[in-house]
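*Asks:* I'd like to ask you about the structure that follows.
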Amino acid sequence: MPYSHTEGLPAVHMAVRRGWIPGDQKLQVLHVDAHPDLAASKAIESEDIFEDQLDLYTKLENDVYGISAWLLPAVLQGHIGEVVWCRPTWADQLPDGHHRGLWVGFQDGRMRVWTGLPYWSAEDEAVDPSSGVEPESPSCSFELLVTTAPDLPQHKAAATPAPWILDIDLDYFSCLNPVPIECPTLPAHKSTREEIVHAIAEIEDVLSSSYKYRPGLVIVARSDEDGFTPPQEVDGIQQRVLDMLHRLYGDCRVLPITCIEDFYQLSTLGFS
Numbered sequence: 572m573p574y575s576h577t578e579g580l581p582a583v584h585m586a587v588r589r590g591w592i593p594g595d596q597k598l599q600v601l602h603v604d605a606h607p608d609l610a611a612s613k614a615i616e617s618e619d620i621f622e623d624q625l626d627l628y629t630k631l632e633n634d635v636y637g638i639s640a641w642l643l644p645a646v647l648q649g650h651i652g653e654v655v656w657c658r659p660t661w662a663d664q665l666p667d668g669h670h671r672g673l674w675v676g677f678q679d680g681r682m683r684v685w686t687g688l689p690y691w692s693a694e695d696e697a698v699d700p701s702s703g704v705e706p707e708s709p710s711c712s713f714e715l716l717v718t719t720a721p722d723l724p725q726h727k728a729a730a731t732p733a734p735w736i737l738d739i740d741l742d743y744f745s746c747l748n749p750v751p752i753e754c755p756t757l758p759a760h761k762s763t764r765e766e767i768v769h770a771i772a773e774i775e776d777v778l779s780s781s782y783k784y785r786p787g788l789v790i791v792a793r794s795d796e797d798g799f800t801p802p803q804e805v806d807g808i809q810q811r812v813l814d815m816l817h818r819l820y821g822d823c824r825v826l827p828i829t830c831i832e833d834f835y836q837l838s839t840l841g842f843s
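Rendered as structure tokens:
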């Protein structure tokens, strides 16, 4: 359970190393979050994708926008082929619906997404697909589904094949904008206790009704140290989410991750 969502990428790599999820399949990730986390990082170069992963983690950690950019490196590495962004109703950075045939790659040394969607084009992270410009290697296609929890079941008529990844950021349930001057368009909604309980119940219903198989990996990011999840609420939200996961999947081994080094020293966390 990472404190920051930048630890999402090393969590995926750890799960591959330990055989919890396959390393040679493009998996679906159900991304329950107030933010898409699909930014194309300006700090990552093409050679970073498949070389020393510690360097990649460090660049994400040091990038001021790294918490919003951890998913696309996993797409480029072939670990993720479909992102399902389950958004709260008050977060609308991307339009609802299926966005198929997206490509992520590099142009002139910078990571970019071949799309016309404003989420990327407004940040100078996009290449117009009609331009005829081909992505530089490495590049990879991916699919994106954007929906809210109540609408997700209608998109999941077919059961998601095993394995898959469940990724939950606690700011989905209550969220602040810690950088209102630099990023005034970021969503913010400080939820009441009743709203939090209702949102968790909605996610539990989605997971029980639309996902036949248990996930191979569950990531839960607190995001309080980044200033997104309200600090006075984060512990209560975390406990409610963990209780939900135990109801759905039985006994789950929880690994509290406070830094990247924890992924390489699991024995100190009582994990053999």
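With the numbering used here applied, the sequence shown covers 572 to 843.
Ideal Cβ placement from N, Cα and C applies to all residues, glycine included.
What did DSSP end up calling Gly687 once you bin it into helix, strand or coil?
*Replies:* Gly687: coil per DSSP, three-state reduction.
*Asks:* Does DSSP classify Val583 as helix, strand or coil?
*Replies:* Note: Val583 maps to helix in three-state DSSP.
*Asks:* Note down, one range per segment and in chain order, each beta strand (DSSP E) of at least 3 residues found wholly within the stretch 645–693.
*Replies:* 651–658, 668–678 and 681–685, all fully within the stretch 645–693.
*Asks:* Since His817 is in the alpha helix (DSSP H), which residue starts that stretch and which ends it?
*Replies:* Pro802 to Tyr820 is the span of the alpha helix (DSSP H), which, as asked, contains His817.
*Asks:* Would you mind sorting Glu696 into buried or exposed? The rule is 16 or more other CB atoms within 10 Å of its CB.
*Replies:* Counting Cβ neighbours within 10 Å, Glu696 comes out buried, since at least 16 surround it.
*Asks:* Taking its Cβ as the centre, do 16 or more other Cβ atoms sit within 10 Å of Ala733, making it buried, or is it exposed?
*Replies:* Looking at its Cβ environment, which holds fewer than 16 other Cβ atoms inside 10 Å, Ala733 is exposed.
*Asks:* Could you work out which residue in Arg824, Ala693 and Asp679 is closest to Val704 when comparing CA atoms only?
*Replies:* Nearest of Arg824, Ala693 and Asp679 to Val704, Cα basis: Asp679.
*Asks:* Check whether the stretch 714–721 touches the stretch 662–675, counting contact only when three or more Cβ pairs, one atom from each stretch, lie closer than 8 Å.
*Replies:* Output reads yes: the stretch 662–675 touches the stretch 714–721.
*Asks:* Report the rounded CA-to-CA distance for Pro802 versus Ser710, giving the unit in angstroms.
*Replies:* Their Cα atoms are separated by approximately 38 Å.
*Asks:* For Ser541, which option in Asp722, Ala693, Asp740 and Ile790 has the closest C-alpha, if you only look at C-alpha atoms?
*Replies:* Any question about residue 541 goes unanswered here, given that the chain covers just 572 to 843.
*Asks:* So what's Ile592 in DSSP terms, helix, strand or just coil?
*Replies:* Coil, per DSSP.
*Asks:* Just to confirm the assignment, what range does the beta strand (DSSP E) spanning Ile790 have?
*Replies:* Counting along the chain, the beta strand (DSSP E) containing Ile790 begins and ends at Leu788 to Ala792.
*Asks:* Go to Asp695, then tell me how far its beta strand (DSSP E) extends in each direction, as first and last residue.
*Replies:* No beta strand (DSSP E) contains Asp695, which DSSP labels as neither H nor E.
*Asks:* Just checking my contact of Tyr690 with Leu665 at CB under 8 Å: how many whole Å lie between their CB atoms?
*Replies:* Tyr690 to Leu665, Cβ: 5 Å. Contact.
*Asks:* What are the start and end residues of the beta strand (DSSP E) that includes Ile771?
*Replies:* Careful: Ile771 lies outside any beta strand (DSSP E), inside the alpha helix (DSSP H) at Arg764 to Ser781.
*Asks:* Under a Cβ-count criterion, where at least 16 other Cβ atoms within 10 Å of its own Cβ denotes burial, should Val635 be classed as buried or exposed?
*Replies:* With fewer than 16 Cβ atoms within 10 Å of its Cβ, Val635 is classed as exposed.
*Asks:* What does the alpha-carbon distance come out to for the pair Leu643 and Phe677?
*Replies:* Those two C-alpha atoms are separated by around 12 Å.
*Asks:* For Leu816, I'd like the list of residues in its chain whose CB is within less than 6 Å of its CB, leaving aside the five on either flank, ordered along the chain.
*Replies:* Within the same chain, Leu816 has close Cβ partners Cys823.
*Asks:* May I ask you to verify whether the stretch 576–589 touches the stretch 624–638, counting CB pairs closer than 8 Å and requiring at least 3?
*Replies:* The stretch 576–589 is in contact with the stretch 624–638.
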